[in-house]
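Notes follow the structure.
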Amino acid sequence: MLYNGGISPRGGSPCDHWEPQAAATYFTFLFIFMNNSEKLYAVFAQSLNIGAENVTDELTYNSIPEWDSVAHMALVAEIENSFEIMMDTDDIVDMSSVGRAKEILAKYNITF
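In terms of the numbering used here, the sequence shown opens at residue 96 and continues consecutively.
Structural data, given as structure tokens:
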């Protein structure tokens with residue numbers, strides 16, 4: 096059983112009550128159908144544990160409590176995993192916004 100609650104709670108995602116492994120499988124499945132911008136936004140939302148509606152190119156490091164130094168490293172790991180790249184240290188430090196992340200990923204032949 097993928098879903099622990101039967102029906103989706105009002106206003107929430109059906110994934111809100113899924114077992115962690117099932118939710119991860121679902122997001123992996125969705126990545127197949129996402130363009131790179133959607134994928135990056137999803138990575139930011141999932142890694143920072145914020146709503147996708149809060150992810151914009153203008154979102155910057157430390158502008159929200161969820162994007163601190165610890166979350167930054169988790170975010171980098173998830174970006175590297177999702178886009179199958181290994182970022183240079185300078186790029187990790189320089190990734191100060193979602194928009195800047197797109198510019199950095201372009202160096203790794205990721206197009207937006």
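Backbone N, C-alpha and C fix where the C-beta goes; we use that ideal spot for every residue, glycine too. This structure is a prediction, so every number in the text was calculated from the model and none was measured.
Q. Do you know how far the Cα of Gly146 is from the Cα of Ser177?
A. For this step, residue 177 is matched to residue 82 along the sequence shown. For this step, residue 146 is matched to residue 51 along the sequence shown. Going from the Cα of Ser177 to the Cα of Gly146 covers about 19 Å.
Q | Span separating the alpha-carbon of Thr206 from that of Thr151 | A | Here the question's residue 206 lines up with position 111 in the sequence shown. Here the question's residue 151 lines up with position 56 in the sequence shown. Each residue's alpha carbon lies about 17 Å from the other.
Q. Any contact of the stretch 149-165 with the stretch 179-189, i.e. 3+ C-beta pairs under 8 Å?
A. no
Q. How far does the alpha helix (DSSP H) with Ala140 in it reach, from first residue to last?
A. Taking the first residue of the sequence shown as 1, we reach residue 140 at position 45. It spans 131-143 - the alpha helix (DSSP H) in which Ala140 sits, taken as one unbroken run.
**Q.** Nearest-angstrom Cα separation, counted from Asn144 out to Glu198
**A.** Taking the first residue of the sequence shown as 1, we reach residue 198 at position 103. Taking the first residue of the sequence shown as 1, we reach residue 144 at position 49. Their Cα atoms are separated by approximately 23 Å.
(Q) Residues in the same chain with beta-carbon distance under 8 Å from Ser132, minus the five sequence neighbours each way, listed in chain order, please. (A) Locating residue 132 in the sequence shown gives position 37, counting from the first residue. The answer, listed in chain order, is Lys197, Phe207.
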